[in-house]
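J.: Sharing a structure, written as structure tokens. Questions coming.
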Amino acid sequence: MTLVVTVGLGAAVVGVTRCGELGCGVDVGRLVFSGVYLGQAPVAVLAVLVVSGEFSTALIRTTLAAMPGRGVVLAAKGIVLAGTVGVVGTVAVAGSLVTAATVLPRHGFTAAQGVTAAPGFGDGLLGGGGLARAAGGTVAYLVLVSLLSLGVAAVVRDSGSAIGGVLGLLFVPPLVAQMVTNERVHRVLEQAAPMSAGLAVQATTGLRQLPIGPWAGLGVLAAWAGAALLAGAVLLWRRDT
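Note that full-length UniProt numbering numbers the sequence shown so that position 240 is 240, with each residue one more than the last.
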């Protein structure tokens, strides 16, 4: 589902974007990987079910009987989940790149916007260090979202509550930030919110004007994920199953 949504939505956005005579006025990195805005939702749901599914069926008792180390159990789930999401995310990012490389040159994007000619990719291939960082960062973003969701699920345990909590944590702060008129508060919200900060890694233009730098933003998301996993591990250790 993540693969379909990410590539499909990205293709739709790319398909309606045109570059006029006065310039494109869009960030190619954010444009190409725009599908991740919705593509992250199935990742969050999957990550929550990895933990909450066992609690809802009481299979967690069997798991912990076979492996009493609760921190080890959570770490193992995190490793398997991160690997799976990493593979799916890589394929989704590659699909988005190929789609954009085929479509954007036909819509007026030139080398000045990061599109260079290359055989084997239709009319062009997106290139450049900024876009390479955006591509790798998008995969890392999806992995961190999955780990954040895993940690929240370990804390909450209930599937519905955990999914609602994670999606609210991702999508609500950016909406609130748009309604805040105080520039300083708006900037702080964008710097601290996991999605707004994390997706800064996709930016390829105007980096000095960003509320937070690409890698620093991904670091904020990593901090959120680490805190959620730590809280989940502590509560998993202290609670009765």
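Note that the Cβ used here is the ideal one computed from N, Cα and C, for glycine as well.
Would residue 17 and residue 38 be called neighbours here (beta carbons separated by less than 8 Å)?
T.: For residue 17 and residue 38, no; Cβs fall outside 8 Å.
J.: Measuring only the C-alpha atoms, how far is residue 83 from residue 178?
T.: Taking the straight line joining both Cα atoms gives about 34 Å.
J.: Quick check on the burial criterion: 16 or more other C-beta atoms within 10 angstroms. Buried or exposed for residue 89?
T.: Residue 89 is buried by the Cβ-count criterion.
J.: Quick one, which of 136, 101 and 50 has its alpha-carbon nearest residue 86's?
T.: When only C-alpha atoms are compared, the closest one is 136.
J.: Cβ of residue 220 within 8 Å of Cβ of residue 153?
T.: No. Outside cutoff.
J.: Go ahead and pull the three-state DSSP assignment for residue 125.
T.: Residue placement at residue 125 is flagged as unreliable, the pLDDT there being 41, under the threshold of 50; the coordinate-derived value follows with that caveat. It is a strand residue.
J.: Are there 16 or more other CB atoms within 10 angstroms of the CB of residue 215, so buried, or fewer, so exposed?
T.: Per the 10 Å Cβ criterion, exposed.
J.: Where do the N-terminal and C-terminal ends of the alpha helix (DSSP H) with residue 179 fall, by residue?
T.: Per DSSP, residue 179 belongs to the alpha helix (DSSP H) from 159 to 179.
J.: Does the separation of the CB atoms of residue 92 and residue 6 fall below 8 Å?
T.: Result yes, Cβ atoms of residue 92 and residue 6 sit closer than 8 Å.
J.: Would you say the stretch 164 to 175 touches the stretch 184 to 194, given that touching needs at least three Cβ pairs under 8 Å?
T.: Cβ pair count under 8 Å is three or more, so yes.
J.: Given this structure, state the Cα-to-Cα distance separating residue 42 from residue 2, to the nearest angstrom.
T.: Cα-Cα distance, rounded: 6 Å.
J.: Does the beta-carbon distance from residue 155 to residue 100 come in below 8 Å?
T.: No, these two residues do not count as a Cβ contact at 8 Å.
J.: Among 238, 133, 198 and 190, which residue has its Cα nearest to the Cα of residue 142?
T.: Among 238, 133, 198 and 190, the Cα nearest to that of residue 142 is on 198.
J.: Going straight from the alpha carbon of residue 130 to that of residue 33, what length do you get?
T.: Roughly 13 Å separates the two Cα atoms.
J.: Work out the CA separation of residue 237 and residue 207 for me, nearest whole Å.
T.: Approximately 42 Å, taken between the alpha carbons.
J.: Which same chain residues, not among the five before or five after residue 166, have their C-beta less than 6 Å away from its C-beta?
T.: Answer for residue 166: 44, 149 and 152, listed in chain order.
J.: Between 50, 95 and 94, which has its C-alpha nearest residue 77's C-alpha?
T.: If we check each option's Cα against that of residue 77, 50 comes out closest.
J.: For a quick check, are the C-beta atoms of residue 144 and residue 225 less than 8 Å apart?
T.: Contact flag set, yes.
J.: Along the chain, where does the alpha helix (DSSP H) that runs through residue 219 open and close?
T.: It spans 214 to 238 - the alpha helix (DSSP H) in which residue 219 sits, taken as one unbroken run.
J.: Does DSSP classify residue 15 as helix, strand or coil?
T.: Residue state, collapsed to three classes: helix.
J.: Is the separation between the beta-carbon of residue 138 and that of residue 202 shorter than 8 Å?
T.: Yes, they are a contact pair.
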